[in-house]
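For the sequence shown, UniProt numbering assigns the number 1 to the initial residue and increments by one for each residue that follows. For every residue, glycine included, the Cβ atom is placed at its ideal position computed from N, Cα and C. A short write-up of the structure that comes next.
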Amino acid sequence: MTKIKVLYVEDDPDWREGLHSFFFGHEKIELYACVSSMEECFVMLKNAPADIVVMDILLGDHKATGLDATLDISVLYPDVKVIMLSSLDDSDEIFYEAFMNGAYDFLYKDEFERLPEVISAAMRNQRSKYGDRLRRMVYEKKNSLLSEGDRQLLLMIYEGKTQVQISKEFHVSLAAVKKHVGRIMKKFNWEHSSSELANKCRKWGLLERDRDGKE
1 MTKIKVLYVE
11 DDPDWREGLH
21 SFFFGHEKIE
31 LYACVSSMEE
41 CFVMLKNAPA
51 DIVVMDILLG
61 DHKATGLDAT
71 LDISVLYPDV
81 KVIMLSSLDD
91 SDEIFYEAFM
101 NGAYDFLYKD
111 EFERLPEVIS
121 AAMRNQRSKY
131 GDRLRRMVYE
141 KKNSLLSEGD
151 RQLLLMIYEG
161 KTQVQISKEF
171 HVSLAAVKKH
181 VGRIMKKFNW
191 EHSSSELANK
201 CRKWGLLERD
211 RDGKE
């Protein structure tokens, strides 16, 4: 019988060792690799594809969290299901964003013993029990934050245009562009660069309309 191939992404060595021991000799599941970073995760997926990725949320680098990795996996490897395993139990925002980013399921570390049943369910069922509903709910919430002008601006940023270039194309002042960008970042409570926000919105599917506002 072919075992389910599972990749574990976790920066805590104790958890990597513990989960490796937990799955050692499992009849149906093979934890074939444990890696500590987003970069190692994608190297492993490229060279040795997984059926399931068990993903920690915090990977030590503020700009390379498990949430970001999950979003990239959902874009690059849509057939791979991601199960979040985290000690963060007090943030609804993180929980909802995990599903927005394509997570199949979400477990807290104090319930890790449920992993075998959740992994098996993920392989049996194409869709998660509530993931699609949560993803749609979060998508609609984030989508409602953006006006058509916001989408146009973010799309231009995503395409690599500078604020000076954008101001010339829209025939507005540079100060007006900066103010517009600031308003968008405030809507998303965003603390990183506008290009990172534009890139994430693109992956979320929030910039799918063209510049004429057509679908």
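Per DSSP, the bridge partner or partners of residue i
i: Y77; result: Answer is none; Y77 lacks a bridge partner.
i: D105; result: I83
i: E30; result: K5
i: V177; result: The partner list for V177 (beta bridge, DSSP) is empty, contrary to what the question assumes.
Alpha-carbon to alpha-carbon, residue j and residue i
i: W204; j: M100; result: 7 Å
i: C41; j: L19; result: 16 Å
i: V138; j: K200; result: 14 Å
i: A69; j: M38; result: 6 Å
i: L153; j: F188; result: 15 Å
i: D110; j: D72; result: 26 Å
i: P13; j: L59; result: 12 Å
i: F122; j: S128; result: Here residue 122 turns out to be Ala, not Phe, going by the sequence shown. Between A122 and S128, the C-alpha separation is close to 7 Å.
i: K46; j: H171; result: 45 Å
i: T2; j: S167; result: 57 Å
i: I94; j: G25; result: 33 Å
i: S74; j: Q165; result: 32 Å
Residue of the options minimising C-alpha distance to residue i
i: S120; options: K81, A175, H171 and E17; result: K81
i: F106; options: I166, K3 and D56; result: D56
i: E30; options: E39, Y108 and V54; result: V54
i: V9; options: F24, H26, S74 and M84; result: M84
i: S195; options: M156, D12 and S167; result: M156
i: P78; options: L206, D92 and Y104; result: Y104
i: K5; options: R16, A50 and D11; result: A50
i: G149; options: D92, Y108, R202 and L207; result: L207
i: L88; options: T65, G102 and H180; result: T65
i: S36; options: A48, F23 and E17; result: E17
i: P116; options: F23, D11, R133 and W15; result: F23
i: G102; options: L197, R114 and G131; result: G131
Sub-9 Å separation of residue i and residue j beta-carbons
i: L76; j: E97; result: no
i: Q163; j: L174; result: yes
Neighbour flag for residue i against chain B, beta carbons, 9 Å
i: G25; result: You won't find chain B in this structure, because it holds only one protein chain.
Neighbour-count burial assignment, residue i, 16 or more Cβ in a 10 Å radius
i: R136; result: exposed
i: K142; result: buried
i: R183; result: exposed
i: H180; result: buried
i: G160; result: exposed
i: S193; result: exposed
i: V118; result: buried
i: residue 242; result: Residue 242 is absent from the model: the chain starts at 1 and stops at 215.
i: D212; result: Caution applies to D212, whose pLDDT of 41 falls short of 50 and renders its modelled position unreliable; the value that the coordinates give is listed next. With fewer than 16 other Cβ atoms within 10 Å, it is exposed.
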